[in-house]
Amino acid sequence: ILNVEQSPQSLHVQEGDSTNFTCSFPSSNFYALHWYRWETAKSPEALFVMTLNGDEKKKGRISATLNTKEGYSYLYIKGSQPEDSATYLCATGGSQGNLIFGKGTKLSVKP
Amino acid sequence: DAGVIQSPRHEVTEMGQEVTLRCKPISGHNSLFWYRQTMMRGLELLIYFNNNVPIDDSGMPEDRFSAKMPNASFSTLKIQPSEPRDSAVYFCASSFSRSSGNTIYFGEGSWLTVV
Chain E
6 ILNVEQSPQS LHVQEGDSTN FTCSFPSSNF YALHWYRWET AKSPEALFVM
56 TLNGDEKKKG RISATLNTKE GYSYLYIKGS QPEDSATYLC ATGGSQGNLI
106 FGKGTKLSVK P
Chain U
92 DAGVIQSPRH EVTEMGQEVT LRCKPISGHN SLFWYRQTMM RGLELLIYFN
142 NNVPIDDSGM PEDRFSAKMP NASFSTLKIQ PSEPRDSAVY FCASSFSRSS
192 GNTIYFGEGS WLTVV
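Written out as structure tokens, the structure is:
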């Protein structure tokens, strides 16, 4: 059974601060690591999919890294803005595309 | 292109009533997933289908829950009878292909409250 852990559970930062969160997952039988951004009352939105050890992805001020050997991924947000406030979910999956999600990190950015 | 469409968006029902949640996946996608979001357990995978066939329903909490996918463009999740602890947001999602390297796309969720 896959167990995906995320930390911290919640995070409060000031506008302009840079921040990062962690996702831990089993390193055996790894297929892919996904990051999603979820604002309440909206659909979770895909940010990144990473498959190879050492992968780094970037979208604007948000970036992510992947270490499949030790089973972790980091998500970084540079210069946080209030609109970055959301829950950030990571997920890893089985061979058939079924994703198992962590409980998420809830980010609040104060102006 | 329309995304994953779920209905109803919100439902409030009394304990013991039957609840049916509906999902229309993105056209062309061949995998469909039902997830449940609660504060305590986060986003849990309930069941998923490939090419309309249920592959793994081990996440379905009890026999009160059932899901069907009669064709490629429609799926239902039914709870009968409903209980207050079933209150949650139920998400439907779809993707193309069977690889976990493929992005899955979520609907906006069905917010269920059982009183």
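So the sequence lines, in the order shown, correspond to chains E and U. For the first sequence, position 16 (counting from the first letter as 1) is numbered 21 according to this note's numbering, and the numbering increases by one without interruption. For the second sequence, position 23 (counting from the first letter as 1) is numbered 114 according to this note's numbering, and the numbering increases by one without interruption. The C-beta atom is built at its ideal place from N, Cα and C for all residues, glycine as well.
Buried/exposed call for residue i, threshold 16 Cβ in 10 Å
i: E:Asn103; result: buried
i: E:His39; result: buried
i: U:Gln97; result: buried
i: U:Met151; result: buried
i: U:Ala179; result: buried
i: E:Pro116; result: exposed
Residues that residue i contacts on chain E, provided the C-beta gap is smaller than 7 Å
i: U:Asn193; result: Gly102
i: U:Phe197; result: Ser48, Pro49
i: U:Leu134; result: Leu94, Phe106
i: U:Ser122; result: Gly102
i: U:Tyr181; result: The contacting residues do not exist; U:Tyr181 stays about 13 Å from chain E at best.
CB contact check: residue i to chain U, cutoff 8 Å
i: E:Pro31; result: no
i: E:Gly109; result: yes
Residue interval of the beta strand (DSSP E) (run including residue i)
i: E:Ser78; result: 77-82
i: U:Pro145; result: 144-147
i: U:Ala179; result: 179-186
i: U:Pro161; result: 156-162
i: U:Leu134; result: 133-141
i: U:Ser201; result: 201-205
i: E:Glu61; result: 61-64
i: E:Gly98; result: 91-98
i: E:Tyr41; result: 38-43
Residue i at chain E interface by Cβ criterion, 8 Å
i: U:Asp147; result: yes
i: U:Gly119; result: no
Within chain U, partners of residue i - CB distance below 9 Å
i: E:Val114; result: Correct list: empty, because the minimum Cβ distance to chain U is about 21 Å.
Under 9 Å from the C-beta of residue i: neighbouring residues of chain E
i: U:Gly107; result: By Cβ distance, chain E contributes nothing, its closest Cβ being about 28 Å from U:Gly107, past 9 Å.
Closer than 8 Å at the beta carbon, the chain U residues around residue i
i: E:Val18; result: Within 8 Å Cβ-Cβ: nothing; E:Val18 doesn't reach chain U, min ~22 Å.
Amino acids of chain E, ordered along the chain, whose beta-carbon sits closer than 8 Å to that of residue i
i: U:Ser186; result: Gly102
Got a sec: which bits of the segment 57-72 of chain E sit with their beta carbon under 8 Å from any beta carbon on chain U, in order along the chain?
none
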